[in-house]
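Please read the structure below before turning to the comments.
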Amino acid sequence: MPQKTAPSGYSYAAHYADVHLLVRRGNEILMSRRVETQRVFPGMFQLPAGLMEEGEPAAVAAAREFAEETGAGVDPADVRFVHLMHHVSTHAGDQRIAFFFETDRWHGEIGNPEPDKCEGWTWHKTAALPEPMPPYLAVALRHIATGTPYSEYAWPAM
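First residue of the sequence shown? That's 78 in this note's numbering, and the numbers climb one at a time after it.
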């Protein structure tokens with residue numbers, strides 16, 4: 078990411094922004110297992126998620142990622158914000174702001190239009206989520222379960 082300098086001479090923080098969507102069906106959520114050939118988190122379970130695009134609101138990004146990854150659709154008006162995590166990627170070391178949304182409304186059939194990235198989408202009981210999953214995601218899901226709106230993860234001690 079490009080570094081920008083504030084008038085004071087300090088550097089502005091550069092962050093990636095990503096979105097995650099908890100798609101709920103009763104007491105289950107939708108997850109996929111990433112294929113072993115994926116560079117990031119191979120073989121781990123993940124939610125529909127991805128990076129935001131320039132000029133894109135977070136709820137719209139969550140709906141877009143859901144459509145790209147499942148082939149189904151969700152109206153951005155039907156996603157609810159549930160958590161924000163400010164974390165350092167344990168994979169790449171970059172700083173990230175992760176928006177987590179949830180929905181129980183979608184349209185169309187959930188499929189697997191990206192078989193090169195994931196093995197398919199399956200429903201999992203929230204009380205018995207599959208493993209392994211990325212460590213930041215496991216922490217975020219615990220915070221979401223307790224209604225905690227904000228968390229930080231993997232920051233070095235200051």
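Virtual Cβ for every residue (Gly too), placed ideally from N, Cα, C. Quick caveat: nothing in here was measured; it's all calculated off a predicted structure.
### Query
Going straight from the alpha carbon of His184 to that of Pro125, what length do you get?
Here residue 184 refers to the residue found at position 107 of the sequence shown. Here residue 125 refers to the residue found at position 48 of the sequence shown. In a straight line, the C-alpha of His184 is about 15 angstroms away from that of Pro125.
### Query
Between the region 207–221 and the region 170–183, do three or more beta carbon pairs fall short of 8 angstroms?
yes
### Query
How long is the line joining the alpha carbons of Asp171 and Trp232, rounded to whole angstroms?
Position 94 of the sequence shown holds residue 171. Position 155 of the sequence shown holds residue 232. For Asp171 and Trp232, the distance between alpha carbons rounds to 10 angstroms.
#### Entry: Reduced DSSP category for Thr147 - H, G, I as helix; E, B as strand; rest coil
Position 70 of the sequence shown, counted from the first residue, corresponds to residue 147. Of the three classes helix, strand and coil, the one that applies to Thr147 here is helix, per DSSP.
### Message
Considering only the alpha carbon of each residue, which of Ser166, Ala91, Arg116, Glu208 lies closest to Lys194?
### Response
Here residue 194 refers to the residue found at position 117 when the sequence shown is read from its first residue. Of the candidates Ser166, Ala91, Arg116, Glu208, the one whose C-alpha sits nearest the C-alpha of Lys194 is Arg116.
### Query
Do the CB positions of Tyr213 and His164 come within less than 7 angstroms of each other?
Walking along the sequence shown from the start, residue 213 turns up at place 136. Walking along the sequence shown from the start, residue 164 turns up at place 87. The answer is yes: Cβ separation under 7 angstroms.
### Query
What first and last residue would you give for the beta strand (DSSP E) that runs through His97?
Along the sequence shown, read from residue 1 onward, the residue named residue 97 stands at position 20. Taken as a continuous stretch (DSSP letters only), the beta strand (DSSP E) holding His97 covers 93–102.
### Endpoints, the beta strand (DSSP E) within which Val165 is located
Within the sequence shown, residue 165 is the residue found at index 88, counting from 1. Start and end: 157–165.
### Message
Measuring only the C-alpha atoms, how far is Ile187 from Pro84?
### Response
Here residue 187 refers to the residue found at position 110 when the sequence shown is read from its first residue. Here residue 84 refers to the residue found at position 7 when the sequence shown is read from its first residue. Each residue's alpha carbon lies about 49 angstroms from the other.
### Query
The beta strand (DSSP E) spanning Ala90 covers which residue range?
Reading the sequence shown from its first residue, position 13 is the one you call residue 90. Counting along the chain, Ala90 falls outside any beta strand (DSSP E), and DSSP gives it neither H nor E.
### Message
Let me check you understand the geometry: is the CB of Pro207 closer than 6 angstroms to at least one non-hydrogen atom of the ligand PLP?
### Response
Ligands in the displayed structure: none, and consequently the ligand PLP is not present.
### Query
Under three-state DSSP, which class holds Ala135?
Within the sequence shown, numbered from 1, the residue matching residue 135 stands at position 58. Helix.
### Message
If contacts are defined as beta-carbon pairs under 8 angstroms, then Ala91 and Met129 qualify, I think. What distance do you get, rounded to the angstrom?
### Response
Here the question's residue 91 lines up with position 14 in the sequence shown. Here the question's residue 129 lines up with position 52 in the sequence shown. Between Met129 and Ala91 the Cβ distance is about 14 angstroms, and since that is not below 8 angstroms, they are no contact.
#### Entry: Exposed unless 16 or more other CB atoms sit within 10 angstroms - verdict on Ser88
Counted from its first residue, the sequence shown places residue 88 at position 11. Under this definition Ser88 is an exposed residue.
### Task
Have a look at Thr180, Glu113, Val112 and flag the residue whose alpha-carbon is nearest the alpha-carbon of Ala136.
Your numbering for residue 136 matches position 59 in the sequence shown. Closest option to Ala136, Cα to Cα, is Thr180.
### Query
How would you write the range of the alpha helix (DSSP H) that Ile221 sits in, first residue to last?
Walking along the sequence shown from the start, residue 221 turns up at place 144. From DSSP, the alpha helix (DSSP H) with Ile221 extends over 212–222.
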